[in-house]
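Heads up: the structure comes next, in C-alpha cells.
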Amino acid sequence: MKDLLIRTVRPVVAIGQGTRRLVTRTPTDLVAVAGFVAVATLLLTVVDVASPVVRAAVGFPLLFLAPGYAIVAALFPRAAPLEASTGFGIGQMRAVTEVERAALAFGLSFASLPLIGLTVAALSLEFTGPVVVGAVSGFVLLTVAVATVRRFRVPAQDRYRLRLLRKLGAARAAIVDRGSIAYTAVNVVLIVSMVIALTSVGYALVSPQQGEQYTSLRILDENDSGELVAGNYTTEIESGESVPLTIAVENQEGTGTEYTAVIQEQWLEDGTVLERTDHQRVEYSVGDGETATAERSVTPSAESGEVRIAVLLYEGDVPDTPTVDNAYRSGYLWVEISDDLESESDE
11 MKDLLIRTVR
21 PVVAIGQGTR
31 RLVTRTPTDL
41 VAVAGFVAVA
51 TLLLTVVDVA
61 SPVVRAAVGF
71 PLLFLAPGYA
81 IVAALFPRAA
91 PLEASTGFGI
101 GQMRAVTEVE
111 RAALAFGLSF
121 ASLPLIGLTV
131 AALSLEFTGP
141 VVVGAVSGFV
151 LLTVAVATVR
161 RFRVPAQDRY
171 RLRLLRKLGA
181 ARAAIVDRGS
191 IAYTAVNVVL
201 IVSMVIALTS
211 VGYALVSPQQ
221 GEQYTSLRIL
231 DENDSGELVA
241 GNYTTEIESG
251 ESVPLTIAVE
261 NQEGTGTEYT
271 AVIQEQWLED
281 GTVLERTDHQ
291 RVEYSVGDGE
301 TATAERSVTP
311 SAESGEVRIA
321 VLLYEGDVPD
331 TPTVDNAYRS
341 GYLWVEISDD
351 LESESDE
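This is the structure in C-alpha cells:
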C-alpha cells in the first residue's frame with residue numbers, strides 16, 4: 011500500500027516541479043510587453059477607442075517605453091556581464107543598473123521612432139494612426155522575439171529578471187525624502203510634468219490624424235479623345251440648343267456627405283446678376299474620399315446674347331434663392347447664344 015501511494019504521488023510532484031521550473035525560466039517581463047503591445051494594437055486599430063484618456067494611457071507606453079525596453083532586453087540579456095576571458099562574439103561585457111535600463115528604455119524608444127517613420131515612408135505608406143501603431147507594434151514584437159532567444163541562451167542563474175516590487179520600492183525611496191517635504195514635492199512635480207508631456211505626444215501620434223477637409227466641384231466636358239477635362243466647354247450655341255455638362259463632386263470631408271447641385275442660368279450686367287433661372291437640381295450621396303459625377307444638358311431660355319451657366323453646390327438643404335454667395339461651392343461657364351432666325355430675316 012505504501013509503495014502504491016509513493017508511485018501515485020511521484021508523477022504529481024514531478025509535474026509540479028516541471029511547471030515551477032517552466033514558470034521560473036519564462037521571461038515574464040517580455041511576455042508582459044508582448045501582451046501589452048497586442049492589447050494596445052487591438053484597442054487603437056481594431057476597436058479604435060475614441061476616449062482621449064484611454065488612447066493617451068495606451069499610446070504613451072506603446073511609443074515611449076515598449077520599443078526601448080525590448081531593445082535593452084535584446085542588448086543586455088544577463089543580470090551581470092560576461093567575464094572578459096569568456097566573452098566570444100556578441101556578448102554583454104558590462105553591467106547595466108536598473109536606472110540605466112530605465113533611461114535607455116526611454117532614450118532608445120525616442121531614437122527608434124524616427125527609424126520606424128523612415129521605414130514607413132520608404133514603403134510609401136500614409137502616416138495615419140493605424141499605420142503608426144502597426145509599425146511600432148511590429149517592431150516591438152520582432153525585437154521581443156530576438157530578446158527572448160538571447161535570454162534563453164544565457165544560463166538560468168545568470169539571466170536578467172525584472173523584480174518589479176523591489177524596483178518600485180527603490181524608486182519610491184529615490185523620490186520621497188521623509189526629511190524634506192520640498193525635495194519630495196519637486197520630484198513629484200517633475201515626474202508628473204514629464205508624464206503629462208510625453209502622454210500628450212503619445213496621444214497625438216496614435217490619434218486619428220485629420221487631414222485637410224474639403225469638397226471639390228468641377229465642371230467637365232469631353233476633349234477630342236473622349237476624356238473628361240476641366241475645359242473644352244461648349245461656349246457658342248444657337249437658340250434652342252443645349253449645353254452638355256458633366257458635374258463632378260469630390261468628397262474629402264472625412265465622412266459621407268449629401269450634396270445638391272443647382273444648375274442655374276444667369277443674366278449679368280456689369281458683374282451684377284439681374285435675373286436668374288433654375289433649370290435642374292442634382293442630388294449626390296458621396297462617400298468619404300470618393301468622387302461622384304452626373305451628366306446633364308441645359309437649354310438656356312434666352313434667345314440671344316451671353317448668359318452664365320452656374321452650378322451651385324450645397325450641403326444639405328438648398329436655400330429658397332440659390333446664389334453664388336450662399337453656395338458651399340460654385341462653378342460656371344459662359345455661353346454665347348446666336349439667333350439664326352433673326353439673322354436670316356435681316357438678310
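Each step along the sequence shown adds one to the number in our numbering, with nothing skipped, and position 289 is 299. Just so you know, even glycine gets a beta-carbon here, dropped at the ideal spot from N, CA and C. Note that the coordinates shown come from a computational prediction; the quantities given were computed from them, not determined experimentally.
- Secondary structure remark: continuous beta strand (DSSP E) runs of at least 3 residues inside the stretch 241-300, in chain order: 246-248, 253-262, 267-279, 282-296.
- Between Ala44 and Thr51, the alpha-carbon positions lie close to 11 angstroms from each other.
- Sequence-distant partners of Leu278 (beyond 5 residues in either direction) whose C-beta falls short of 7 angstroms from its own C-beta, in its chain, are Leu284, Arg318.
- As a beta-bridge residue in DSSP terms, Gly341 pairs with Val321.
- Considered as a whole, the stretch 129-169 harbours 139-162 as its complete alpha helix (DSSP H) runs of no fewer than 4 residues, in chain order.
- Put simply, the stretch 61-79 touches the stretch 102-116. At least three CB pairs are less than 8 angstroms apart.
- Restricting attention to Thr282, Ile273, Ser61, the CA atom closest to the CA of Asp288 is found in Ile273.
- In this chain, the alpha helix (DSSP H) harbouring Leu40 covers 38-51.
- One alpha carbon belongs to Thr333, the other to Thr301, and they sit about 24 angstroms apart.
- The C-alpha of Pro124 is placed about 25 angstroms away from the C-alpha of Pro87.
- Judged by DSSP in its simplified three-state form, Arg228 adopts strand.
- Take the alpha-carbon of Thr256 and the one of Asp231: they are about 6 angstroms apart.
- Looking at the backbone, the Cα of Thr244 and that of Val296 are separated by about 27 angstroms.
- By the criterion of a C-beta distance shorter than 7 angstroms, Val68 is surrounded in its chain by Ala50, Leu53, Leu54, once the five residues flanking it on both sides are discounted.
- Out of Asp330, Ser235, Val106, Ala271, the CA that lies nearest to the CA of Ser226 is found in Ala271.
- Residue pairing for Ile81: DSSP places it in no beta bridge.
- Spanning the alpha carbons of Arg65 and Thr138 requires a straight line of approximately 15 angstroms.
- Secondary structure at Ala304: strand, using DSSP grouped into helix, strand and coil.
- For Leu54, there is no enclosing alpha helix (DSSP H), as DSSP marks it with neither H nor E.
- Cβ-Cβ separation between Thr129 and Leu40: approximately 23 angstroms, too far for a contact (criterion under 8 angstroms).
- Here DSSP, grouped into helix, strand and coil, assigns Arg65 to helix.
- In the three-state reduction of the DSSP assignment, Arg111 falls in the helix class, which pools H, G and I.
- In this structure, the straight-line span from the alpha carbon of Val156 to that of Arg169 is close to 15 angstroms.
- Per DSSP, the beta-bridge partners of Gly315 are Ile347.
- Looking at Tyr269, Thr282, Pro310, Trp344, the one whose alpha-carbon comes closest to that of Gly326 is Tyr269.
- Taking C-beta separations shorter than 7 angstroms and ignoring five residues to either side along the sequence, the partners of Leu151 in its chain run Ala44, Val47, following chain order.
- The distance from the Cβ of Tyr294 to that of Gln262 is about 14 angstroms, inconsistent with a contact at the 8 angstroms cut-off.
- A direct Cα-to-Cα measurement between Leu343 and Pro254 gives close to 11 angstroms.
- In the DSSP assignment, Val239 is bridged to Asp231.
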